[in-house]
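A.B. asks: Protein chains in written order, with our numbering: chain B, 1 to 125; chain F, 1001 to 1378. My questions all concern the structure below.
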């Protein structure tokens, strides 16, 4: 991202991830469509993803990230579209939760990438 | 001078008319007086421009100082807010066990902590790639939602926070020295101020070189040092101070652009997410305990929920990035004022931008107290 000559060292799609976390919290407060135990589950998934978001942001805050992260962003975007579709989340709750679980898997892989020592990034690329 | 000249012109006219002397002699003199009056008016206007600019440079310095206090608060509370949220979860949910690790699945009443723990330890024993979530550079493959507690390891590095605070310091030093340059008429003091600012910026540049995230600030700072170097060689002239304001603009803009983007990314959105998490956690807790509580207890809890919702709305509405964006706007108008000859409209625009900024910075100060400092006292 370039803005009048300054480069922000990121390739992470933070806004998409933050949107997904927001959606989890919205569903956790939705007492019209979800019983309490499902609201609990949305809340717990939202809190886990929020923890991952913080960890990825914190890694990005301290160092430039490798470009491999951009590939994972595509998957992140696809899941965001699914989660944001309220009608699908309501109609197929288990599938929506499954999507969130697969998202946490993608994010753990992202964390692997951002924490990888520089020597391994050079060797791998 | 102008009122005296105008006054004498009027007096002369009255005398001439009352004594009915030669009219052409009077007209020639009154034209001369008018020329003097216009010249005086022009000198007065130029003096006004310079005085206005000096005042505005001082005002810019004050605004930079106020802004950096607010922005510093936003950066310095990054880790503290993580700890606050973690402790709130423990406070609300006895199902969540305290330790070096946290798994927010504990917010589900039917979650089996010991099964999840055994699953993680069994898998990590079998797969050397599954490492401890608290290990900063581990090749973690899958953690089943286990995270390192922010009490055990604060997520945001002190080095990264310090780099940003150093950048803010460079801005305040720049504006402070600029105010000195604009306010001092002695050539020796001017040279001294330029040299001081230059050496401060060089030392800041050296500090930033040590930090990989801070390397992008070095370029604009080096350019400002270059401008100062040229200025130090010249004798004091008001024009040179104006030139300094104008030449430093692109680099000051780069620093302010960086800060705006950085605040949006690391602070603005995270603050939104964290305040929403707090609001949702409290609401969820209320729903869980409401039937066992007395009316007074529910009332206390509902008040807390109302406050947390107000904090969330505030975080959505008040973006810290607007501080550097507005400072950039003000600096741009200051440059325009420094460049212009007839500065009346430029001065008006600058004043309008400053007034807007004053309102916004007050709102942000309130937001800081409500969103960040309030929780510190809890």
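Using N, Cα and C, we set each Cβ at its ideal position, and we do this for glycine too.
1. Chain B beta carbons: is any one of them nearer than 8 Å to that of residue 1269(F)?
2. Could you name the residues of the segment 72-97 of chain B whose beta carbon sits closer than 9 Å to any beta carbon of chain F, in the order they occur along the chain?
3. Residue 44(B) versus chain F: which residues are under 7 Å apart at the beta carbon?
4. Report buried or exposed for residue 22(B), applying the criterion of at least 16 other Cβ atoms within 10 angstroms of its Cβ.
5. How far does the beta strand (DSSP E) with residue 1102(F) in it extend, from its first residue to its last?
6. Cα separation between residue 1259(F) and residue 1324(F)?
7. From residue 14(B) to residue 1265(F), what distance separates their C-alpha atoms?
8. For residue 107(B), which residues from the same chain have a beta carbon less than 6 Å from its beta carbon, with the 5 sequence-adjacent residues on both sides left out?
9. Taking its Cβ as the centre, do 16 or more other Cβ atoms sit within 10 Å of residue 1369(F), making it buried, or is it exposed?
10. Taking contact to mean 3 or more Cβ pairs, one atom from each stretch, closer than 8 Å, check whether the segment 1159-1174 of chain F and the segment 1068-1077 of chain F are in contact.
11. Excluding five sequence neighbours on each side, which residues of the same chain lie with their C-beta closer than 6 Å to the C-beta of residue 1275(F)?
12. Any C-beta of chain F sitting closer than 8 Å to the C-beta of residue 14(B)?
13. Indicate the three-state DSSP secondary structure (helix, strand or coil) for residue 32(B) in the structure shown.
14. I'd like the span of the alpha helix (DSSP H) that includes residue 1078(F), first residue to last.
15. Suppose you measure from the CA of residue 1287(F) to the CA of residue 43(B); what does that come to, to the nearest Å?
16. Run through chain F and tell me which residues come within less than 8 Å of residue 48(B), C-beta to C-beta.
17. Quick one: list the residues of chain B neighbouring residue 1082(F), beta-carbon separation under 7 Å, in chain order.
18. So residue 1246(F) and residue 1338(F) are in contact, right, with Cβ under 8 Å, and what is the actual spacing, rounded?
19. Who are the Cβ neighbours of residue 1121(F) in its own chain at under 7 Å, not counting the five residues just before and after it?
20. Just grab the DSSP bridge partners of residue 1148(F) for me.
21. Could you pull out every unbroken alpha helix (DSSP H) segment of at least 4 residues lying fully inside the segment 1278-1352 of chain F, listed in chain order?
22. My output table needs one value for residue 49(B): the three-state DSSP class, helix, strand or coil.
23. Whose C-beta lies closer than 6 Å to the C-beta of residue 27(B) among residues of the same chain, with five residues either side of it excluded?
24. Taking the alpha carbon of residue 1134(F) as the point to measure from, which residue in 1099(F), 1126(F), 1161(F) has its own alpha carbon closest?
C.D. replies: With the given structure in hand:
1. For residue 1269(F), the answer is yes, since a Cβ of chain B falls inside 8 Å of its Cβ.
2. Along the segment 72-97 of chain B, none of the residues has a CB nearer than 9 Å to a CB of chain F.
3. 1104, 1105, 1107, 1108
4. buried
5. 1101-1103
6. Inter-residue distance for residue 1259(F) and residue 1324(F) is about 6 Å (C-alpha atoms, whole angstroms).
7. 8 Å
8. 52
9. exposed
10. With the cut-off at 8 Å, the segment 1159-1174 of chain F and the segment 1068-1077 of chain F touch.
11. 1311, 1312, 1315
12. yes
13. coil
14. 1078-1092
15. 13 Å
16. 1103, 1104, 1105, 1145, 1147
17. 54
18. Contact check for residue 1246(F) and residue 1338(F): beta-carbon distance about 6 Å, within the 8 Å limit, so the pair qualifies.
19. none
20. According to DSSP, which records beta bridges pairwise, residue 1148(F) is partnered with 1101(F).
21. If you keep only unbroken alpha helix (DSSP H) runs of at least 4 residues inside the segment 1278-1352 of chain F, you get 1295-1317, 1322-1339.
22. Helix.
23. 42
24. 1099(F)
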